[in-house]
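Protein chains in written order, with my numbering: chain A, 5 to 205; chain B, 378 to 463.
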Amino acid sequence: MSNAETTKISIDALRNGDRAEFARMVDAYSAPIYRLGLKMLGNSQDAEDVLQNTFLNALTHLADFQGRSSLSTWLYRIASNEALMLMRRKKPAFNIEDVQTEDSDEGLMPEIFVDWSLLPEDELLTGESKSAIDRAIASLPENLRMAFVLRDIEDISIKETAEILNLTESNVKTRLLRARMVLREQLSVYYGERLTRKEEK
Amino acid sequence: MSDHSHKNCKAMLGSLSEYIDGELPPELCQEIEQHLAGCDNCRVVLNTTKRTIDLVQMPVEQEEVPDDVRARLFKRLNLDDYLPQT
Numbered sequence: 005m006s007n008a009e010t011t012k013i014s015i016d017a018l019r020n021g022d023r024a025e026f027a028r029m030v031d032a033y034s035a036p037i038y039r040l041g042l043k044m045l046g047n048s049q050d051a052e053d054v055l056q057n058t059f060l061n062a063l064t065h066l067a068d069f070q071g072r073s074s075l076s077t078w079l080y081r082i083a084s085n086e087a088l089m090l091m092r093r094k095k096p097a098f099n100i101e102d103v104q105t106e107d108s109d110e111g112l113m114p115e116i117f118v119d120w121s122l123l124p125e126d127e128l129l130t131g132e133s134k135s136a137i138d139r140a141i142a143s144l145p146e147n148l149r150m151a152f153v154l155r156d157i158e159d160i161s162i163k164e165t166a167e168i169l170n171l172t173e174s175n176v177k178t179r180l181l182r183a184r185m186v187l188r189e190q191l192s193v194y195y196g197e198r199l200t201r202k203e204e205k
Numbered sequence: 378m379s380d381h382s383h384k385n386c387k388a389m390l391g392s393l394s395e396y397i398d399g400e401l402p403p404e405l406c407q408e409i410e411q412h413l414a415g416c417d418n419c420r421v422v423l424n425t426t427k428r429t430i431d432l433v434q435m436p437v438e439q440e441e442v443p444d445d446v447r448a449r450l451f452k453r454l455n456l457d458d459y460l461p462q463t
């Protein structure tokens, strides 16, 4: 939240209905919330819905904001709930996979041991590779993806991620580890093939 | 190297995230580093996991909210009068 970190928003002014202050808050937090929507839902229309609903909701519930958590945590909590609700509306079927990944060790043990980490940056970040990275993130079960997006993409601390998602810190760490392992495995398939092609040339 | 076993690999993997994030106490880091010195597969997993995190953290091209999205947001929130200040 680079904008947000440098912009001090007055909670009192917000509570007193100061529209200019609300507009400042919207500008300070729009970018990270829009990004969260993009990463969680995978398209700009849904990300825009998450963005609008988050601030509409914030406007309605400003009076309930007690200041026990930071403004950023509060807004992220609303945004993550909006994103999850939208995802569930779009995919109403109960997703058993999301539940299983929580407790079982399944999928945690690595299977691919190709060291692609030393491939040069320009090969790791071609347009095609970026799409592969986005596809890998999009394939994560939603509970893992949310923890991963908050911690690894938005660089929010484990403690704040736990507050946002109403989980224990240890639960966040478990989800994060699983998410990272799943992504590593998928990127290993992708970059492993590239490495093989390169060696064959 | 003598203490290498799959049990150690599993323990290493369980602490991998915290190790990468620098959240482990020094004595545990030392144990992990000893294991890594003798286990090629775990070293690969560590290197590629670190790289995976680096890649997803690369600055996003579209850091900001597009102007039209911002305009619709301000309109929806009845904040149109604050819109000209970009």
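Think of the CB as a built atom: it goes at the ideal place given N, C-alpha and C, for glycine as much as any other residue.
Beta-carbon separation of residue i and residue j under 8 Å?
| i | j | result |
| --- | --- | --- |
| A/Ser48 | A/Leu42 | yes |
| A/Leu191 | A/Ala151 | no |
| A/Ala51 | A/Ile82 | no |
| A/Val186 | A/Leu128 | no |
| A/Arg39 | B/Thr429 | no |
| A/Ile137 | A/Val193 | no |
| B/Leu393 | A/Leu123 | no |
| A/Met44 | A/Ala87 | yes |
| A/Pro36 | A/Glu158 | yes |
| A/Leu13 | A/Leu75 | The question names Leu, but residue 13 of chain A is Ile in the sequence shown. For A/Ile13 and A/Leu75, yes; Cβs fall inside 8 Å. |
| B/Asn418 | B/Cys386 | yes |
| A/Ile160 | A/Leu169 | no |
State buried or exposed for residue i, treating a residue as buried only when at least 16 other CB atoms are found within 10 Å of its CB.
| i | result |
| --- | --- |
| A/Arg93 | exposed |
| A/Thr64 | exposed |
| A/Asp68 | exposed |
| A/Gln2 | Because residue 2 of chain A is not part of the residues shown, which for chain A are 5 to 205, the question remains open. |
| A/Asn147 | buried |
| A/Thr200 | exposed |
| A/Ala24 | exposed |
| A/Arg72 | exposed |
| A/Glu132 | exposed |
| B/Ala414 | exposed |
| A/Met113 | exposed |
| B/Asp458 | exposed |
| A/Arg19 | exposed |
| A/Met29 | buried |
Alpha carbon to alpha carbon, how far is residue i from residue j?
| i | j | result |
| --- | --- | --- |
| B/Cys319 | B/Ala448 | Residue 319 of chain B is absent from the model: chain B starts at 378 and stops at 463. |
| A/Thr105 | B/Asn455 | Bear in mind that a pLDDT of 49 at A/Thr105, under 50, signals an unreliable position, so the model cannot answer this. |
| A/Asp53 | B/Lys452 | 13 Å |
| A/Trp78 | B/Leu450 | 19 Å |
| A/Gly196 | A/Asp126 | 16 Å |
| B/Met389 | A/Gly21 | 52 Å |
| B/Pro403 | A/Ser135 | 38 Å |
| B/Leu460 | B/Asp444 | 10 Å |
| A/Leu66 | A/Ile162 | 25 Å |
| A/Lys205 | A/Asp156 | 35 Å |
| A/Ser84 | A/Val118 | 35 Å |
| A/Thr172 | A/Thr178 | 10 Å |
| B/Val442 | A/Ala142 | 20 Å |
| A/Arg149 | A/Ile15 | 31 Å |
| B/Asp398 | A/Lys202 | 32 Å |
| B/Lys427 | B/Glu400 | 15 Å |
| A/Ser121 | B/Glu408 | 23 Å |
| B/Glu410 | B/Val421 | 13 Å |
| A/Arg198 | B/Asp431 | 19 Å |
| A/Tyr80 | A/Gln70 | 15 Å |
| B/Lys384 | A/Gly46 | 38 Å |
| B/Gly391 | A/Thr130 | 32 Å |
| A/Asn175 | B/Glu395 | 13 Å |
| B/Met435 | A/Glu189 | 19 Å |
| A/Asp31 | B/His412 | 48 Å |
| A/Thr58 | A/Met89 | 12 Å |
| B/Cys416 | A/Lys95 | 42 Å |
| B/Val433 | A/Phe26 | 31 Å |
Taking a Cβ distance cut-off of 7 Å, strictly less, list which residues of the segment 178-194 of chain A are near chain B, in chain order. Leu180, Leu181, Arg184, Leu187, Arg188, Leu191 and Ser192
By the 9 Å beta-carbon criterion, what residues does the segment 447-461 of chain B contribute toward chain A? Arg447, Arg449, Leu450, Phe451, Arg453, Leu454, Asn455, Leu456, Asp458, Tyr459 and Leu460
Relative to chain B, which residues along the segment 50-61 of chain A have a C-beta separation below 9 Å, given in chain order? Ala51, Glu52, Leu55, Gln56, Phe59 and Leu60
May I ask you to list, following chain order, the residues of the segment 60-76 of chain A that have a beta carbon less than 9 Å from some beta carbon of chain B? Leu60 and Leu63
Name the residues in the segment 405-424 of chain B whose C-beta lies less than 7 Å from a C-beta of chain A; which are they? Asn418, Val421, Val422 and Asn424
If you measure beta-carbon to beta-carbon, which residues of the segment 147-177 of chain A are closer than 7 Å to chain B? Asp156, Ile157 and Lys177
Got a sec: which bits of the segment 119-137 of chain A sit with their beta carbon under 7 Å from any beta carbon on chain B, in order along the chain? Asp119, Trp120, Ser121, Leu128, Leu129 and Ile137
For the segment 23-35 of chain A, which residues have a CB atom closer than 9 Å to at least one CB atom of chain B, in sequence order? Arg23, Ala24, Phe26, Ala27, Arg28, Val30, Asp31, Ser34 and Ala35
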